[in-house]
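Please read the structure below before turning to the comments.
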Amino acid sequence: MGEGGLQIISKKQKLNSRSSTEAKLIGVDDAATQILWTKLFVEAQGYPVEENILYQDNKSSILLEKNGRDSAGKRSRALNIRYFFMTDQVKKGNVTIEYCPTEKMWGDFMSKPLQGH
């Protein structure tokens, strides 16, 4: 598969969120199941999967995804435990989360309109 694969899904979230951190956490939870399914599918075809990297542009959500509720502040304590599935996957080593600035996000190029200068 060359240098790797890229998955993009653009859809309306199932519920309203109170902050961008919460919105990203909900989106990442949905992405986690896609990432794991793809990993299992590719491995079933006989190809090794070295690592799954999820790039994020929200440092607060990265902190929550890596450390779970332990790193939650007062505003994010009310988040549903359901949205910490990604934390389990990071701890198991199935997914790596890394910071990527918004202007370098490949997914944005394919799901948002281009900005003219």
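Residues 625 to 741, numbered by the working numbering, are exactly what the sequence shown covers, in order. Ideal Cβ placement from N, Cα and C applies to all residues, glycine included. What you are looking at is a predicted structure, and each value in this text was computed from that prediction instead of being measured.
Whole-Å CB distance - residue 679 paired with residue 646, under 8 Å assumed: One-based indexing of the sequence shown puts residue 679 at position 55. One-based indexing of the sequence shown puts residue 646 at position 22. The Cβ separation is near 19 Å, so there is no contact.
Residue from 724, 649, 720 with nearest C-alpha to residue 663: The residue given as residue 663 occupies position 39 in the sequence shown. Of the residues 724, 649, 720, the one whose Cα lies closest to the Cα of residue 663 is 720.
Alpha helix (DSSP H) segment containing residue 645, residue limits: Start at 1 with the first residue of the sequence shown, and residue 645 comes out as number 21. 644-668 is the span of the alpha helix (DSSP H), which, as asked, contains residue 645.
May I have the straight-line CA-CA distance separating residue 659 from residue 676, to the nearest angstrom? In the sequence shown, residue 659 corresponds to position 35, counting from 1. In the sequence shown, residue 676 corresponds to position 52, counting from 1. Approximately 7 Å, taken between the alpha carbons.
Ends of the beta strand (DSSP E) at residue 687? Within the sequence shown, residue 687 is the residue found at index 63, counting from 1. Membership of residue 687 in any beta strand (DSSP E) is not indicated; the residue belongs instead to the alpha helix (DSSP H) covering 683-691.
Please return the same chain residues whose Cβ sits closer than 6 Å to the Cβ of residue 726, not counting the five positions on each side in sequence. Taking the sequence shown and counting its residues from 1, one reaches residue 726 at position 102. Within the same chain, 681 come within 6 Å of residue 726 by CB-CB distance, once the 5 residues on both sides are set aside.
8 Å contact criterion, which residue 729 and residue 656 should meet: CB distance rounded: Along the sequence shown, read from residue 1 onward, the residue named residue 729 stands at position 105. Along the sequence shown, read from residue 1 onward, the residue named residue 656 stands at position 32. Your pair residue 729 and residue 656 does not check out as a contact, with CB atoms roughly 18 Å apart and the cut at 8 Å.
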